[in-house]
């Protein structure tokens, strides 16, 4: 059975107890995990797996063929045997930065309604979103618009809809490059703002903060052309701005 994705129910869970289902030099699969496997522009989590007599440094987390989280060991790291009871420990500081960044990219979609994203990459130090945008606004305008939304301290929630409901509302999809995961019959929507008057609502499988105020101030540090209409917007958390 695939790994139970505990991050889906609680993005703030930093540890969990689990049993090793499969173990090899390629990685370790657990029966449940707080680790997010790389997908949708969000990096895989890093951290450690600890068990009686050993500890494995997790250098990355990716998806196995069945969709489980494959915890990739750092070179030279010990690997727990199948059946071992382990404690999975996230590098929480890195994960939380990814959550702050990911929510910021959703706010960027809200700041420019009707514009479709053509690519994205979330990072702990810098993130980017590409838009189908021939005449972009000044980066200073985007910075201030984002921070207006952040200080509004809007709640962030989620709900699930059927794939048929998504097909009936194609405008919910704001990205041209990354399509919502399908096959399970349901699609998760992440909402910023209230259910009655959302600021942003779109399919997403990643992790997010609970309220926009948790992000802190952000800065648009660069805007560049990547084609006739494609504009790339680079964002950092203000504490990292030079």
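Numbering (my numbering), first residue to last: 20 to 261. Just so it is clear, CB atoms sit at the ideal spot from N, CA and C, and this is done for glycine as well.
- A direct Cα-Cα distance of roughly 13 Å separates residue 205 from residue 221.
- Residue 159 and residue 239 have their alpha carbons spaced roughly 7 Å apart.
- Non-local C-beta neighbours of residue 249 in its own chain, meaning closer than 6 Å and more than five positions away in sequence, comprise 137, 149, ordered along the chain.
- Closest in C-alpha terms to residue 76, from the list 226, 56, 110, 62, comes 110.
- Between residue 69 and residue 105, the gap from beta carbon to beta carbon is short of 8 Å.
- Residue 88 is positioned such that its CB atom lies no closer than 8 Å to that of residue 34.
- For residue 39 against residue 144, the beta-carbon gap comes to about 32 Å, at or over 8 Å, which does not count as contact.
- Boundaries of the beta strand (DSSP E) harbouring residue 150: 146-151, taken from the DSSP string.
- Cβ-Cβ distances below 6 Å link residue 103 to 39, 70 in the same chain, with the five nearest sequence neighbours on each side left out; the list follows chain order.
- Annotation: residue 217 to residue 183 spans about 21 Å, alpha carbon to alpha carbon.
- In this chain, the beta strand (DSSP E) harbouring residue 249 covers 249-256.
- The beta carbon of residue 73 sits closer than 7 Å to the beta carbons of 97, 99 from its chain, once the five residues preceding and following it are set aside; these are given in chain order.
- A residue is called buried once 16 or more other Cβ atoms fall within 10 Å of its Cβ, and residue 94, having fewer, is exposed.
- For residue 90, the enclosing beta strand (DSSP E) begins and ends at 88-92.
- A residue is called buried once 16 or more other Cβ atoms fall within 10 Å of its Cβ, and residue 65 is buried on that count.
- Residue 47 sits away from residue 25, with the two beta carbons spaced by 8 Å or more.
- Between residue 112 and residue 169, the beta carbon gap of about 20 Å keeps them out of contact (Cβ cut-off 8 Å).
- In the three-state DSSP reduction, residue 161 falls in the helix class (H, G or I).
- Contact annotation: residue 58 and residue 224 have beta-carbon atoms nearer than 8 Å.
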